[in-house]
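Only one structure is covered here, and it is reproduced in the block below.
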Amino acid sequence: MKLKDKVAVITGGNSGIGLATVEIFKENGAKVVIFGRNRESLDKAVREVGNGMLAVQGDVRNLKDLDRLFKQTAERFEMIDVLVANAGIAKFATLAEFTEELFDEICDINFKGAFFTVQKALPYLRDGASVILVGAADADKLGRPLTSIYSATKAAVRSLARTLSAELLPRKIRVNVLSPGLTQTPILTRDIGLSADVRDKIAQAIIESVPLRRLGTPEEMAKAMLFLASEDSTFFLGTEIAPDGGLAQISPG
Ligand SMILES: NC(=O)c1ccc[n+]([C@@H]2O[C@H](COP(=O)([O-])OP(=O)(O)OC[C@H]3O[C@@H](n4cnc5c(N)ncnc54)[C@H](OP(=O)(O)O)[C@@H]3O)[C@@H](O)[C@H]2O)c1
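Throughout the sequence shown, residue numbering follows the numbering used here, covering 127 to 379 in sequence.
Here it is in structure tokens:
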């Protein structure tokens with residue numbers, strides 16, 4: 127029980143990597159709060175994961191929703207030990223095709239949303255808390271066509287872990303990044319701005335560039351989340367863990 131009686135808030139805890147993280151946190155004794163837009167999947171997660179979990183509906187782009195998330199969390203559980211700013215989207219387009227609307231949508235959810243999730247949680251974070259941001263394994267290291275704004279938001283999130291860790295050092299709040307490689311979650315079949323055909327071709331090309339030649343599982347990401355959330359990682363600060371089958375580090379051979 128690595129998180130016994132710890133309070134954990136997970137944005138995007140109603141799907142994919144976030145949901146797998148909810149499950150492993152609960153198994154390890156945490157009291158969990160999830161946040162997302164989709165009422166149906168929030169309710170489903172509460173039913174499946176079990177009693178005592180609080181689900182708050184809202185959008186990370188809306189600062190009033192974030193205020194409400196942390197107010198309701200504090201009313202139920204008081205202080206927060208672990209914050210996982212996991213909510214995010216993946217949408218892609220060429221430089222020529224990018225609209226201002228799409229640019230804003232990706233930045234507002236992946237970067238602005240993550241930043242204000244941490245800011246709004248701050249009054250409720252216990253000293254020594256663990257904050258986990260979610261990046262993407264090779265986004266800040268490798269240029270891939272169509273990914274300009276998505277990659278920029280994930281590079282920005284990677285940067286935030288360093289700067290926020292520095293700023294929150296007096297309170298010993300650790301901010302780290304979990305950067306998944308391509309992982310089998312619903313994000314792969316959502317509207318990512320490309321036709322299904324192009325999307326599948328790109329996914330296949332990425333799998334072929336993964337030395338382990340497969341997608342990651344949400345459970346593999348959740349195990350790394352548990353490590354970053356728990357006392358096992360107390361010497362980790364402003365850094366990144368990237369479970370990616372070797373994607374960002376090793377030649378596929
Ligand atoms: N799967 C991968 O291959 C991969 C690779 C690298 C990085 N990542 C990152 O991992 C994180 C989790 O992704 P996933 O693969 O688990 O995808 P997912 O299954 O699509 O989950 C995304 C979660 O984010 C929530 N979300 C999205 N926009 C939101 C908003 N505006 N406000 C509140 N919640 C919002 C969604 O909830 P609602 O639908 O209810 O809003 C959902 O719970 C993301 O940050 C993603 O960029 C994933």
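We put the beta carbon where it would ideally sit given N, CA and C, even for glycine.
With a threshold of 16 other CB atoms inside 10 Å of the CB of residue 111, please say whether the residue is buried or exposed. A query on residue 111 cannot be resolved here, the shown segment of the chain reaching from 127 to 379 and no further.
Taking the alpha-carbon of residue 278 as reference, which of 375, 262, 291 and 251 has the nearest alpha-carbon? The residue labelled residue 278 in the question sits at position 152 within the sequence shown. Residue 262 is the option with its Cα nearest to residue 278.
Are there 16 or more other CB atoms within 10 angstroms of the CB of residue 366, so buried, or fewer, so exposed? For the purposes of this step, residue 366 is identified with residue 240 of the sequence shown, where counting begins at 1. Residue 366 should be labelled buried.
Looking at residue 356: is its Cβ nearer than 8 Å to the Cβ of residue 129? Residue numbering aside, residue 356 sits at position 230 when the sequence shown is read from its first letter. Residue numbering aside, residue 129 sits at position 3 when the sequence shown is read from its first letter. At a Cβ-Cβ threshold of 8 Å, residue 356 and residue 129 count as neighbours.
Going by the CB atoms, is the gap between residue 142 and residue 186 shorter than 8 Å? Counting from 1 along the sequence shown, the entry for residue 186 is found at position 60. Counting from 1 along the sequence shown, the entry for residue 142 is found at position 16. The answer is no: Cβ separation not under 8 Å.
Is the Cβ-Cβ distance between residue 247 and residue 364 less than 8 Å? Here residue 247 refers to the residue found at position 121 when the sequence shown is read from its first residue. Here residue 364 refers to the residue found at position 238 when the sequence shown is read from its first residue. Taking 8 Å as the cut-off, the Cβ atoms of residue 247 and residue 364 do not count as close.
How about residue 155 and residue 219: do their beta carbons lie closer than 8 Å? What you label residue 155 is simply residue 29 of the sequence shown in a count that begins at 1. What you label residue 219 is simply residue 93 of the sequence shown in a count that begins at 1. Using a Cβ distance threshold of 8 Å, residue 155 and residue 219 do not count as a contacting pair.
Curious, which full-length beta strand (DSSP E) runs of at least 3 residues does the segment 162 to 231 contain? Positions of the beta strand (DSSP E) runs, each at least 3 residues long and wholly inside the segment 162 to 231, are given as 180 to 183 and 206 to 211 in order along the chain.
Separation of residue 204 from residue 375, as counted between CA atoms: Within the sequence shown, residue 375 is the residue found at index 249, counting from 1. Within the sequence shown, residue 204 is the residue found at index 78, counting from 1. Rounded to whole angstroms, residue 375 and residue 204 show a C-alpha spacing of 41 Å.
Measuring straight from C-alpha to C-alpha, what distance separates residue 381 and residue 249? The structure shown does not extend to residue 381, since the chain is modelled only from 127 through 379, so no value can be given for it.
Compare the C-alpha of residue 159 against each of 289, 215, 133 and 184 and name the closest. By one-based count along the sequence shown, residue 159 stands at place 33. It is 133 whose Cα lies nearest to the Cα of residue 159.
Roughly how far, in whole angstroms, is the beta-carbon of residue 333 from the beta-carbon of residue 325, given that I think they are within contact range, below 8 Å? The count along the sequence shown starts at 1 and reaches residue 333 at position 207. The count along the sequence shown starts at 1 and reaches residue 325 at position 199. With a Cβ gap of about 13 Å, residue 333 and residue 325 do not count as contacting.
Comparing the CB of residue 202 with every heavy atom of ligand 1, is any distance shorter than 7 Å? As a working note, residue 202 is residue 76 in the sequence shown. No.
When we look at the beta-carbon of residue 256 and count the other beta-carbons within 10 Å, is it buried (16 or more) or exposed? Residue 256 sits at position 130 when you count from the first residue of the sequence shown. Counting every other CB atom within 10 Å of its CB across the protein chains shown gives residue 256 a total of 16 or more, marking it as buried.
With hydrogens ignored, establish whether the beta-carbon of residue 161 is closer than 7 Å to any heavy atom of ligand 1. Position 35 of the sequence shown holds residue 161. Correct: residue 161 has its Cβ closer than 7 Å to ligand 1.
With residue 355 as the anchor, note down where its alpha helix (DSSP H) starts and where it stops. As a position in the sequence shown, residue 355 is number 229, starting the count at 1. Run containing residue 355: 344 to 355, per the alpha helix (DSSP H) assignment.
With 16 as the cutoff for other CB atoms within 10 Å, does residue 127 come out buried or exposed? As a working mapping, residue 127 is identified with position 1 in the sequence shown. Classification of residue 127: exposed, given that the 10 Å Cβ count is below 16.
Find out if the Cβ-Cβ distance for the pair residue 211, residue 235 is shorter than 8 Å. Position 85 of the sequence shown holds residue 211. Position 109 of the sequence shown holds residue 235. The answer is no: Cβ separation not under 8 Å.
Status (buried if at least 16 other CB within 10 Å, exposed otherwise) for residue 379: Locating residue 379 in the sequence shown gives position 253, where the first residue counts as 1. Here residue 379 is exposed, its C-beta having fewer than 16 other C-beta atoms within 10 Å.
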